[in-house]
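In the working numbering, the protein residues as written are 5 to 127.
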């Protein structure tokens, strides 16, 4: 309950089940940066407060409809996005680099362990 992720283009196509709530910006009304901030802060609190069930907590469409979301004017949201855009782009770049480094590690590790490649030959 309460985990979230940003889906990047390299993750597509993607299948979602009914337990997933998808948020996307609405042009002229909201921005990705505002939604990200909301999900990261206030929505987490809403999930904890509204989830029901004793054996397994659940948050469904009924709960989602009960949430009120304050949406500032589009001018304020666009200024907010301008301030955060470079940080988001850097984060995206870092995530892509992490993915590439993970792929390199996953391809090298078995070869290192088997002795096929020596560590001193990599450097």
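Positions of the beta carbon are idealized from the N, C-alpha and C atoms, including for glycine.
Apart from sequence neighbours up to five positions away, no residue of its chain approaches residue 86 with a beta-carbon distance below 8 Å. The secondary-structure analysis by DSSP pairs residue 56 across a beta bridge with 62.
Only residues of its own chain outside the window of five on either side were considered, and among them 29 have a CB closer than 6 Å to the CB of residue 36, listed in chain order.
Non-local beta-carbon contacts of residue 27 in its own chain, meaning distances under 6 Å to residues more than five positions away in sequence, involve 39 in chain order. Within the same chain, no residue comes within 6 Å of residue 82 by CB-CB distance, once the 5 residues on both sides are set aside. Secondary structure note for residue 9: it is in no alpha helix (DSSP H), with a DSSP letter that is neither H nor E.
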